[in-house]
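Inspection log for the structure reproduced underneath, given as structure tokens.
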Amino acid sequence: MQMDWRMAEFGVAAFPCGSAPRELFAHSHKPIRSLADYKGMKVRTAGAWAEIAEKLGASTVILAGAEVYPALERKVVDAIEWGTPTHNIVMGFEKVAKYIVVPGVHQPIAMHECAVNKKTWNAMSDMEKKQITAGGKMMTWDLYTKLGHDDAPNWMTYVNSKKNEIIDLPQSFKDAAKKATDEWAEETGKKANDWFRKIWASQNAYKDAWSQAHRYR
0 MQMDWRMAEF GVAAFPCGSA PRELFAHSHK PIRSLADYKG MKVRTAGAWA EIAEKLGAST
60 VILAGAEVYP ALERKVVDAI EWGTPTHNIV MGFEKVAKYI VVPGVHQPIA MHECAVNKKT
120 WNAMSDMEKK QITAGGKMMT WDLYTKLGHD DAPNWMTYVN SKKNEIIDLP QSFKDAAKKA
180 TDEWAEETGK KANDWFRKIW ASQNAYKDAW SQAHRYR
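Under numbering that gives the first Met the number 0, think of the first position of the sequence shown as 0, with each following residue one higher.
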């Protein structure tokens, strides 16, 4: 469905070509042990979460990638979200902010896509299209498993650190984030085009189907 949307709205053939595991929720100067702690915090983030986090009481800031580390270091922001342990440890966020907060309720998985303009795509043979999309699927699996493999030892660096404290978000925070996300989607759906509503409905139907998986797996 998303491929149909990209072609209809943007004139490109889009397909998956990468995936990353769940991100960390935050590197923070302040502990986030409850929703009350999160309220009023100045948080660097991006995308839909920038709007959803404000529903939870945070003040969100969108910064270019190169500005994120110095903003955290100088305490221009209270906290930042960036990526998985592998992405974050390269940046060195743990060196300038004590608290590492998990799990990344804002991004349980990230999908990457590649896009080919419609004219070029239509000029390809069916075999070429299959080869390119197959390559994208292989890259999706390769990136996901590589990051998962690298995340484990990088996470242990945080666990073994004497300078950092890891905080697990309580269930009450996760529930509030889910509620705020659903509200955001409903509000956005009223303003957006039909594609948003169709894709959101499709995602929820798929999620509901998988909610029964524990009964047979």
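For glycine and all other residues, C-beta sits at the position ideal for the given N, C-alpha and C.
Contact set for W48: own chain, Cβ-Cβ below 6 Å, skip 5 residues either direction: So the list reads H105, once near-sequence residues are dropped.
Backbone CA spacing between P84 and N153 [nearest angstrom]: Distance between the alpha carbons of P84 and N153 is about 6 Å.
DSSP-derived helix/strand/coil call for S27: It is a strand residue.
Among A35, E50 and T59, nearest to V42 - alpha-carbon criterion: If we check each option's Cα against that of V42, T59 comes out closest.
Sufficient close CB pairs (3 or more, under 8 Å) joining the region 194 to 207 to the region 131 to 143: Output reads no: the region 131 to 143 does not touch the region 194 to 207.
Span separating the alpha-carbon of A70 from that of V76: Near 6 Å, if we compare the C-alpha coordinates of V76 and A70.
Counted within 10 angstroms of its Cβ, other Cβ atoms place R73 as buried (16 or more) or exposed: Here R73 is exposed. Its C-beta has fewer than 16 other C-beta atoms within 10 Å.
From L34, C16 and V158, residue whose alpha carbon lies closest to that of K177: The closest CA to that of K177, considering only L34, C16 and V158, is found on L34.
C-beta contact flag for T180 and S18 at 8 Å: No; because the gap between Cβ atoms is not below 8 Å, this pair is not in contact.
Rounded separation between V11 and N116 - CA only: Annotation: V11 to N116 spans about 4 Å, alpha carbon to alpha carbon.
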